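Reading through the structure tokens given below for one structure.
Next comes the structure, spelled out in structure tokens:
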């Protein structure tokens with residue numbers, strides 16, 4: 117007797133109110149448009165079509181499109197949208213409450229809106245006393261009309277406690293800040309000023 121394989125699929129309804137569900141809802145609510153490609157035309161996915169509305173048994177040909185064949189102005193417009201509060205984290209640093217978008221969420225948003233983006237560590241500098249490390253990170257966006265890059269720095273103390281080593285923290289900070297220079301999560305900086 118041949119063995120039958122049973123596949124389990126992760127559905128949106130099977131996720132309680134987890135951050136993953138909130139992320140998927142946010143990402144699925146965005147509006148996308150596509151052009152014809154060498155492989156044929158794709159359907160247009162509208163903001164009203166949500167992951168929660170998709171029937172598990174039905175086949176769905178409508179998929180979010182990538183930013184590969186879009187001008188930079190369209191990519192930047194998407195990156196400048198407000199990130200939902202459910203995807204924003206908060207920490208206290210030196211008595212101040214800071215809101216930020218975790219690097220892995222930033223990475224997913226970049227992959228969604230500008231899948232041809234690239235990032236690179238440009239420089240790593242340790243302080244002379246060895247108490248901190250700074251990283252310069254460059255993010256480059258590629259559109260049909262041009263490419264654009266932004267750089268930023270991140271610094272972490274060597275004696276910081278918490279998850280991750282100082283170099284990892286400095287790189288994540290620099291990456292988030294470089295993406296903020298394109299507008300991603302930039303609204304959080306303005307909220308802190310009020």
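Numbering (this note's numbering), first residue to last: 117 to 310.
A virtual CB, placed ideally from N, CA and C, is assigned to each residue, including glycine.
This one's a predicted model, so the numbers in the text were calculated from it and none came from an experiment.
Across the structure, residue 191 and residue 264 are spaced so that their CA atoms are roughly 11 Å apart.
The residue among 304, 300 and 218 with its C-alpha nearest the C-alpha of residue 287 is 218. If you ignore the 5 residues before and after residue 303, its C-beta comes within less than 7 Å of the C-beta of 198, all in its own chain and listed in chain order. A distance of 8 Å or more separates the beta carbons of residue 290 and residue 257. Around the beta carbon of residue 221, a 10 Å sphere encloses 16 or more other beta carbons of the protein chains shown; the residue is thus reported as buried. Contact check for residue 299 and residue 210: beta-carbon distance about 27 Å, past the 8 Å limit, so the pair fails to qualify.
One Cα belongs to residue 236, the other to residue 213, and the distance between them is close to 29 Å. In this structure, 216 is the residue among 185, 205, 216 and 200 with its C-alpha nearest to the C-alpha of residue 305. Relative to the Cα of residue 245, the nearest Cα in the group 189, 238 and 274 belongs to 274. In the displayed model, residue 201 falls within a helix according to three-state DSSP. Around the CB of residue 242, fewer than 16 other CB atoms lie within 10 Å, so the residue is classed as exposed. Residue 279 is not bridged by DSSP to any residue. Between residue 266 and residue 252, the C-beta gap is not smaller than 8 Å, which leaves the two residues out of contact. Check the Cα spacing between residue 281 and each of 261, 223, 249 and 296: the tightest is with 249.
DSSP, reduced to helix, strand and coil, places residue 274 outside both helices and strands of the structure shown, so it counts as coil.
Residues 268 of the same chain have their beta carbon placed closer than 6 Å to that of residue 293, with the five preceding and five following residues left out of the count. In this structure residue 278 is exposed. Its beta-carbon is surrounded by fewer than 16 other beta-carbon atoms within 10 angstroms. Membership of residue 210 in any beta strand (DSSP E) is not indicated, and neither H nor E is assigned to it by DSSP.
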